Each structure stands twice: as structure tokens, then as C-alpha cells.
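If you read the protein sequences in the order shown, they are chains S and R.
Convert by adding 29 to the 1-based position in the first sequence; the result is the number in the numbering used here.
Convert by adding 6 to the 1-based position in the second sequence; the result is the number in the numbering used here.
Built from N, CA and C at the ideal position, the CB exists for glycine as well.
Since the model is a prediction, treat every value here as computed from it, not as a measurement.
Comments concern the structure below.
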Amino acid sequence: MTSQPVAAYPARDQYAKPLLVALLSGCGVALALGLYAKLHHPTKYALDVAGFSSPLYAKAWLTTAAVVFAIVQLITGARLTRQAAAPAWMATVHRWSGRIAILLTVPVIIHCIYALGFGTYSARVIAHSVLGCIFYGAFVTKMLCLVRRDAMPKWVLPVMGGVVFVSLVALWATSALWLFATKGVHS
Amino acid sequence: MTRLGPLITLGSVLALAVVFLLANTQAGKPGSAAASVTTAPTTTAPTTTAPTTTSAPLHALYAGRSSGNQVTVAIAINGHKVAADLNAGQASEVSLQGSVNGSNFTLTSHSGPAMTGSISGQDMFGTVTGFLGQSFPFSAAQAVVEAVYTGRSSGNQVTLAVATDGDKAAAYVCNGKTIEAWLQGSVNGNQVSLTGTKGANLTGSLSGLDMFGTVTASAGLSFPFSAELSPRPAGVFQARIAVNGLATRIGWAVLPDGTQLGVAVAGTTKYPAPPLDLSNDSFTLGGASFTAAAVAGNETVVSP
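Below is the structure:
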């Protein structure tokens with residue numbers, strides 16, 4: 030017999046469909062964000078966040094705070110993945126630090142795509158625009174993977190979490206870090 | 007097993023995004039007090055905002071700078087035509103020409119730099135591309151600046167300088183010897199209209215950074231002219247002094263390159279004005295030193 034035993038595949042069949050749905054959803058979100066940001070005419074107007082010298086600095090500090098929570102995510106996520114017997118509070122910390130981090134980025138992304146749009150006038154801006162789309166696409170993918178995490182292979186969550194973390198840090202580096210480096214660190 | 011937690015997280019992110027988007031949609035409407043400009047503060051020059059217009063302005067000047075403060079921009083809109091000046095310090099100045107379509111405008115130049123943007127009420131936003139090898143986002147505010155237009159008649163018979171301040175204008179036209187006239191008037195849209203004594207008048211229209219029209223120094227002495235928006239030291243200068251006991255009024259029309267023509271009038275006598283030192287607006291006449299003053303568009307130069 031040349032064919033493999035059918036019994037070898039059930040494990041993949043179990044997660045292939047939800048994983049595909051999650052990945053395609055993430056791609057769809059990334060594409061939709063990019064298209065909206067590019068096609069929507071930037072207003073240049075947006076809500077001001079009180080207490081900062083400019084909307085740019087408000088965004089930079091919100092993103093910086095999100096990155097701090099993301100680092101908590103990285104540490105707790107790594108322990109949850111590696112150690113089967115991680116303390117129960119660690120999962121709670123992981124969940125809530127993630128929720129806070131993503132919610133902190135919402136005002137920023139709305140300002141980015143609503144007021145500024147998909148910029149292409151320098152390498153930094155192109156990278157930032159693309160990374161922003163990737164970040165939210167990866168976030169949606171990870172959330173959808175979590176919905177069916179029992180059916181997913183062990184590598185899926187660390188990989189998706191890694192993509193989310195790396196893209197957020199890169200987003201921060203191409204915006205907040207750039208702002209702090211060129212205009213100084215202040216509020 | 008299906009977990010709801012991640013879906014709730016996704017939902018709350020979406021909900022917050024919708025709230026912010028709606029809030030921004032409200033705040034973004036022109037005239038809203040909550041709205042703020044995202045880019046760097048505009049114009050440094052003291053400017054007054056123009057009266058609110060309901061439609062896109064027929065003629066308007068905008069002044070502003072790039073968000074990184076590398077480039078200053080001056081933009082003049084006249085109907086469907088638009089002209090702009092980019093300046094990034096010494097020896098890097100570029101003029102652009104273009105058109106307005108609705109609230110959007112596009113400008114190009116011979117040397118490469120281009121500009122696109124849109125007008126939103128009293129503000130405009132856009133991007134300069136290919137200037138000094140870079141692109142700059144910029145914002146500018148409608149500025150009824152104390153603009154100065156200077157130029158000559160087509161046959162070079164007279165030189166003139168027109169100062170505007172909002173909708174008011176004051177001008178001086180002369181040939182440096184015997185012909186001279188002070189003019190007072192207004193700017194209405196892109197139409198300029200000034201009058202003086204003894205039949206003197208000036209009518210013109212603003213087109214981009216230029217002013218074209220006809221100036222009459224005195225009855226029978228009419229000349230077509232062209233003038234352009236001019237930076238310092240261009241201007242209208244005036245001095246009222248007493249020379250040998252004679253009340254004397256001197257006027258100068260100064261061009262941006264420092265070229266100046268002026269006439270001194272004492273009673274019925276007219277003679278060429280002494281050269282004006284543009285570094286401190288001083289001049290000497292009859293051995294004495296005097297100071298002239300730059301005339302703003304809203305000053306009274308023709309006695310009612």
C-alpha cells in the first residue's frame with residue numbers, strides 16, 4: 030500500500046480550519062486597515078488628549094505605555110508556554126496586561142488612520158504604516174486562535190504572540206522612539 | 007471548547023475604536039472647539055484670521071510651515087489658480103504654480119518640488135514632495151497678513167508699492183522725480199481698488215502672488231502695471247518733516263531688491279527724495295537726519 034494510514038491526520042484536521050479562519054481574519058483586518066488608511070482622505074484633525082504638548086506626544090506616551098505592558102506580556106507569556114505548572118495568577122496577569130496594552134493603542138491607531146492615513150513619504154513612515162496593519166491583523170489572529178486554543182498545536186500561541194510583540198515594539202521604535210530621539214523626551 | 011474571553015477582548019477593542027472614531031468625526035468638523043491641528047503650530051508671523059467665509063475663498067493667502075519646521079510655505083489662492091513659495095532658509099527658495107479643484111490643490115515647479123494638499127476652512131494641510139530631496143507634511147493658516155505688493159508700470163514710467171492689511175490697502179506710486187500719488191482703498195475678494203487726490207486711482211486684481219491693473223497718478227497719467235507679493239525690505243515708506251520751515255512729505259516705493267524711488271513734496275515743489283537707508287529707515291536731508299516709517303495697509307495716507 031502506498032497511501033498513509035488515514036488515522037495519522039485527525040490532529041491536523043482538528044485545528045486546520047480554525048487556524049485558517051484566524052489567519053485569514055487577521056489578513057483581512059490588516060488589509061482593511063491599510064486600505065481605509067490609504068483611501069480615506071486624512072482629516073489632519075483629531076481629538077486632543079489633555080496634558081500633552083501635542084497629539085504626537087500623547088500618542089508617543091500611550092504607545093510607550095503599551096510597550097511596557099507588552100514586555101509584561103512577553104515575560105508572562107514565555108513562562109506560561111514553557112512551564113506547565115505556572116502559577117494561576119500569571120495567566121490573569123497575562124490576560125489583563127494584554128487587554129490594557131491593546132486598549133492603550135486604540136486612541137493612537139484611530140488618530141493614525143483617521144487623521145494621518147497610510148503615509149509613504151519616508152522609509153520610516155512606510156515601515157510604520159505597514160507594521161500598524163500587521164500588528165492589528167496579528168492581534169485579531171491571536172485572539173481567534175485563543176478562542177479554540179485547546180484545538181491548536183502548542184506552537185501557535187507563542188508564534189502569534191511573538192508577531193504581535195515584535196510588531197508593537199517595531200511600531201513604537203518607528204514612531205515614539207523616533208519622536209523622543211528627534212524632539213526630546215517630554216510630555 | 008470555545009473560549010469567549012478573547013472574543014470579549016476583541017469586541018471591547020472594536021467598541022473603543024468606534025467610540026474614538028465617532029468622537030473624532032465630531033471633533034474634526036470645522037469650527038468645533040474640540041478640534042486641534044495635529045501638526046506643528048502654524049505661522050510665526052502675527053496674523054489675524056480672516057472673516058469666516060461660507061465657501062472656498064476666492065482669494066486668500068495662507069502661511070505656515072512643515073511639521074518638522076524645516077520649510078516655510080506661503081500660498082496664495084485666486085479662484086482656480088494657486089501659487090506657492092517654499093523657503094528653507096538661504097538660497098533654497100522655490101516657486102510653485104498649480105490649480106485648485108474643490109478643496110484640493112496641486113502645484114508643481116520647473117525644478118522638481120511639488121505640493122499637494124487640501125483646504126479646510128481657515129487651514130490647509132498638505133505635503134511638499136521632492137524639496138531638498140525630502141518630503142514634508144505641512145500646515146498653514148489663512149493669513150490676512152500685512153502683505154506688500156510692489157512693481158512697475160509696463161513702460162517703467164512709474165514704480166509702485168501697495169501695502170495691504172486684511173481688506174484695507176494703502177499705496178504709493180511715483181517716478182522718483184515729479185510724478186507721485188498716495189492712494190487709499192480696499193481689497194475685496196481679488197479686486198483691489200484705491201483712490202487718491204486729483205483723480206489718482208488704482209484698480210487691479212490679485213492673481214496668485216501677482217497684482218495686475220491700472221494706476222493713474224494724476225488725471226491723464228494712467229499706466230498699466232504689474233506687481234508681485236514682495237518680501238522685505240519692500241514696502242511703502244513715508245516721512246512728514248519740516249525742511250527749512252517747509253512742511254514736507256516724502257514717499258518711497260521700495261522694491262524687494264532694495265531699489266527705491268521717492269519724491270519729496272513741499273507745498274507745490276516736488277524733488278527727488280533722498281536715499282533711504284533700509285537698515286534703519288533713516289535718511290538725511292539738508293544736513294539733518296530723519297526717520298521714515300513703513301506704511302501699513304490700514305494706515306490713512308490720503309486725507310479724507
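Worksheet item: For R/T275, which of helix, strand or coil comes out of DSSP?
Response: The sequence position of residue 275 of chain R within the second sequence is 269, counting from 1. R/T275: strand per DSSP, three-state reduction.
Worksheet item: Would R/L22 count as contacting chain S if we go by Cβ distances under 8 Å?
Response: Here residue 22 of chain R is taken as the residue at index 16 of the second sequence, counted from 1. Interface annotation, R/L22: in contact with chain S, CB-CB separation under 8 Å.
Discussion item. Based on DSSP bridge pairs, tell me the residues matched to S/C141.
Written reply: Here residue 141 of chain S refers to the residue found at position 112 of the first sequence. Answer is none; S/C141 lacks a bridge partner.
Item to complete: Kindly indicate which three-state DSSP category R/S73 falls into: helix, strand or coil?
Response: The residue given as residue 73 of chain R occupies position 67 in the second sequence. Note: R/S73 maps to coil in three-state DSSP.
Worksheet entry | Per DSSP, cross-strand counterpart(s) of R/Q103 | Against the second sequence, residue 103 of chain R aligns to sequence position 97. In the DSSP output, where bridge partners are listed per residue, R/Q103 has R/A89, R/T114.
Item to complete: Less than 8 Å between the CB atoms is what I'm expecting for R/S141 and S/S216, so what's the real figure, rounded?
Response: Taking the second sequence and counting its residues from 1, one reaches residue 141 of chain R at position 135. Taking the first sequence and counting its residues from 1, one reaches residue 216 of chain S at position 187. Actually they do not touch by this definition, with Cβ atoms about 28 Å apart.
Discussion item. Could you check whether the Cβ of S/L132 sits closer than 8 Å to any Cβ belonging to chain R?
Written reply: As a first step, residue 132 of chain S is located in the first sequence; it is residue number 103 there, counting from the start. It does; some Cβ of chain R falls within 8 Å.
Worksheet item: In chain S, what lies closer than 7 Å to R/S141 by C-beta?
Response: On the second sequence, residue 141 of chain R is found 135 positions in, with the first residue counted as 1. Within chain S, the residues near R/S141 are Y150, S151.
Fill in: is_contact[R/T55, chain S] using C-beta, thresh 8 Å
Numbered from 1 along the second sequence, position 49 holds the residue referred to as residue 55 of chain R. Note on R/T55: pLDDT 35, under 50, position unreliable in the model; the coordinate value appears next. False, the Cβ-Cβ gap to chain S never drops below 8 Å.
Discussion item. In the DSSP assignment, the alpha helix (DSSP H) including S/W90 goes from what residue to what residue?
Written reply: Walking along the first sequence from the start, residue 90 of chain S turns up at place 61. Per DSSP, S/W90 belongs to the alpha helix (DSSP H) from 84-111.
Worksheet item: Is the Cβ of R/N30 closer than 8 Å to any Cβ of chain S?
Response: One-based indexing of the second sequence puts residue 30 of chain R at position 24. It does; some Cβ of chain S falls within 8 Å.
Worksheet item: Looking at the structure shown, is R/T48 part of a helix, part of a strand, or coil, going by DSSP?
Response: As a position in the second sequence, residue 48 of chain R is number 42, starting the count at 1. Low confidence applies to R/T48: its pLDDT is 33, below 50, so where it sits in the model is not reliable enough to give any reading.
Discussion item. Quick check on this structure: which residue in S/L49, S/K171, S/W201 has the alpha carbon closest to the alpha carbon of R/L13?
Written reply: Indexing the second sequence from 1 puts residue 13 of chain R at position 7. The candidate whose alpha carbon is nearest that of R/L13 is S/K171.
Practice prompt. With a threshold of 16 other CB atoms inside 10 Å of the CB of S/S196, please say whether the residue is buried or exposed.
Written response: By one-based count along the first sequence, residue 196 of chain S stands at place 167. So S/S196 ends up on the buried side.
Fill in: Proximal chain R residues relative to S/I139, where beta-carbon distance stays under 8 Å
Within the first sequence, residue 139 of chain S is the residue found at index 110, counting from 1. Result: A23, F26, L27, N30.
Discussion item. Counting only Cβ pairs nearer than 7 Å, list the residues of chain S close to R/T8.
Written reply: On the second sequence, position 2 is the one that residue 8 of chain R refers to. What R/T8 touches in chain S: V176, R177.
Worksheet entry | Residue interval of the beta strand (DSSP E) (run including S/L175) | As a working note, residue 175 of chain S is residue 146 in the first sequence. Looking at the DSSP string, S/L175 is not in any beta strand (DSSP E); the run it does join, the alpha helix (DSSP H), is 152-176.
Worksheet entry | For R/V134 and R/S72, believed in contact at Cβ under 8 Å, the rounded distance | Within the second sequence, numbered from 1, the residue matching residue 72 of chain R stands at position 66. Within the second sequence, numbered from 1, the residue matching residue 134 of chain R stands at position 128. About 7 Å; that satisfies the 8 Å criterion.
Worksheet item: Looking at the C-beta of R/T48, does it have a partner C-beta in chain S at a distance below 8 Å?
Response: Looking up residue 48 of chain R in the second sequence gives position 42. Model confidence at R/T48 stands at a pLDDT of 33, short of 50, so the residue's coordinates are unreliable and nothing is read from them.
Discussion item. Assuming contact is defined by CB atoms lying nearer than 8 Å, are S/A59 and S/G166 in contact in what I supplied?
Written reply: Numbered from its first residue, the first sequence carries residue 59 of chain S at position 30. Numbered from its first residue, the first sequence carries residue 166 of chain S at position 137. Yes, Cβ-Cβ distance for S/A59 and S/G166 is below 8 Å.
Practice prompt. Take S/C56 as the anchor and find which of S/L160, S/A94, S/P136, S/I142 has the nearest alpha-carbon.
Written response: Translated into the one-based positions of the first sequence, residue 56 of chain S becomes position 27. Checking every option, the nearest Cα to that of S/C56 belongs to S/L160.
Item to complete: Kindly list the residues whose CB is nearer than 6 Å to the CB of S/V122, restricted to its own chain and excluding five residues on each side of it in sequence; keep chain order.
Response: The sequence position of residue 122 of chain S within the first sequence is 93, counting from 1. So the qualifying residues of the chain are T105.
Worksheet item: Listing by chain order, which chain S residues have their CB less than 8 Å from the CB of R/G11?
Response: As a working mapping, residue 11 of chain R is identified with position 5 in the second sequence. Correct list: R124, L175.
Practice prompt. Could you tell me which chain R residues have their CB closer than 8 Å to the CB of S/R128, listed as they occur along the chain?
Written response: Sequence index remark: in the first sequence, residue 128 of chain S carries index 99 (1-based). Simply T15, S18.
Practice prompt. Could you pull the start and end residues of the beta strand (DSSP E) that R/K174 belongs to?
Written response: Counting from 1 along the second sequence, the entry for residue 174 of chain R is found at position 168. Run containing R/K174: 174-180, per the beta strand (DSSP E) assignment.
Practice prompt. Could you work out which residues of chain S lie near R/T133, taking near to mean beta carbons separated by less than 8 Å?
Written response: Within the second sequence, numbered from 1, the residue matching residue 133 of chain R stands at position 127. Those within 8 Å of R/T133 in chain S are Y150.
Worksheet entry | Top-ranked residue by Cα proximity to S/P187, from S/V198, S/A89, S/C174 | By one-based count along the first sequence, residue 187 of chain S stands at place 158. The candidate whose alpha carbon is nearest that of S/P187 is S/C174.
Item to complete: Could you spell out the range, first to last residue, of the beta strand (DSSP E) harbouring S/S196?
Response: Your numbering for residue 196 of chain S matches position 167 in the first sequence. For S/S196, no beta strand (DSSP E) run applies; the uninterrupted alpha helix (DSSP H) run containing it begins and ends at 185-203, by DSSP.
Worksheet item: Listing by chain order, which chain R residues have their CB less than 7 Å from the CB of S/Y143?
Response: Your numbering for residue 143 of chain S matches position 114 in the first sequence. Going along chain R in sequence order, the residues near S/Y143 (Cβ under 7 Å) are L27, N30.
Worksheet entry | CB-CB length for R/T222 against R/A233, believed under 8 Å | Here residue 222 of chain R corresponds to residue number 216 of the second sequence, with the count starting at 1. Here residue 233 of chain R corresponds to residue number 227 of the second sequence, with the count starting at 1. At roughly 15 Å, the Cβ-Cβ gap does not stay under 8 Å, so R/T222 and R/A233 are not in contact.
Practice prompt. Using a Cβ-Cβ cut-off of 8 Å, state whether S/M189 counts as contacting chain R.
Written response: Locating residue 189 of chain S in the first sequence gives position 160, counting from the first residue. Taking Cβ atoms only, chain R never reaches closer than 8 Å to S/M189, which makes this a no.
Worksheet entry | Where the beta strand (DSSP E) containing R/A206 begins and where it ends | Residue mapping note: residue 206 of chain R aligns to position 200 of the second sequence, counting from 1. Run containing R/A206: none; DSSP gives neither H nor E here.
Worksheet entry | DSSP-derived helix/strand/coil call for R/Q163 | Working through the second sequence from its first residue, we reach residue 163 of chain R at position 157. DSSP places R/Q163 in coil when its eight states are reduced to three.
Worksheet item: Anyone know if the C-beta pair for R/L67 and R/A82 falls short of 8 Å?
Response: The residue given as residue 67 of chain R occupies position 61 in the second sequence. The residue given as residue 82 of chain R occupies position 76 in the second sequence. Cβ distance < 8 Å, so R/L67 and R/A82 count as in contact.
Practice prompt. Run down chain R in chain order and give the residues with a C-beta less than 8 Å from the C-beta of S/M172.
Written response: Taking the first residue of the first sequence as 1, we reach residue 172 of chain S at position 143. Correct list: P12, L13, T15, L16.
Discussion item. Would S/V169 and R/L16 qualify as a contact pair, given that the criterion is a beta-carbon distance under 8 Å?
Written reply: Working through the first sequence from its first residue, we reach residue 169 of chain S at position 140. Working through the second sequence from its first residue, we reach residue 16 of chain R at position 10. Contact flag set, yes.
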